[in-house]
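Taking my numbering as reference, the numbering of the sequence shown is continuous, increasing by one, and the terminal residue is 250.
The beta-carbon is built from N, C-alpha and C at its ideal position, and this holds for glycine as well.
Fair warning: this is a prediction, and the values are worked out from it, not measured in the lab.
As structure tokens, the structure follows; a few thoughts come after it.
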Amino acid sequence: MGVILAFGILAVGLFAASFITKRRFGLLGLALGSGYILSSIWSNSASLVVGLAGLPYNAVTAAMILVFITLLPAVILLFHGYSYKSLVLRIIGAGLFTVLALAFLAEPLGRILNLQGSNLQIYDWILKNKDVIIGIGLPMAVVDMFLTKPAALSEKKSKH
91 MGVILAFGIL AVGLFAASFI TKRRFGLLGL ALGSGYILSS IWSNSASLVV
141 GLAGLPYNAV TAAMILVFIT LLPAVILLFH GYSYKSLVLR IIGAGLFTVL
191 ALAFLAEPLG RILNLQGSNL QIYDWILKNK DVIIGIGLPM AVVDMFLTKP
241 AALSEKKSKH
């Protein structure tokens, strides 16, 4: 499977999930960061669990575990949290979430994909720019969190 096709399919799915649920980029971006950290901590333990479950453990299984753990916090938060009201902000937020998620998933996906020729060049470019994307994306997520206005606890207390 080509790198462009694999990343394209994943990008469409991530964008659609974020856009349809209207969730803000800030919370989802920080959840991706926490999932990435958890995947690096739990990768060895997860391999043991997979082995104990009787499933074959190989490079593909290991990469899928890393992808699953990285995306899990963000997927959970797709169903809870602040949301966008504007269509333009939804598109921008979903796009930022997609780009950041693909940057976090670049390494595990590289273990699964057949990287030869032009696919290898595209993947190397993505991998080379991964740190820049994450370095810009996470602070943008924090800024988005500061721009989020909490829901009013009560609009106006009435006596009736």
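Would you check if there are 3 or more beta carbon pairs closer than 8 Å linking the segment 173-191 to the segment 149-156?
Output reads no: the segment 149-156 does not touch the segment 173-191.
Is it the case that the segment 217-237 contacts the segment 190-204, given that we only count it when at least three CB pairs across the two stretches are under 8 Å?
yes
In this structure, how does DSSP classify R114 when only helix, strand and coil are distinguished?
coil
Quick check: the segment 200-209 against the segment 123-142, are there 3 or more CB pairs under 8 Å?
no
Inside the segment 114-184 only - alpha helix (DSSP H) runs reaching at least 4 residues:
For the segment 114-184, whole alpha helix (DSSP H) runs of length 4 or above, ordered along the chain, are 115-142 and 149-167.
Is the separation between the beta-carbon of P198 and that of V165 shorter than 8 Å?
Their beta carbons are not under 8 Å apart, which means P198 does not touch V165 by this criterion.
In the structure shown, what three-state DSSP assignment does N204 receive?
coil
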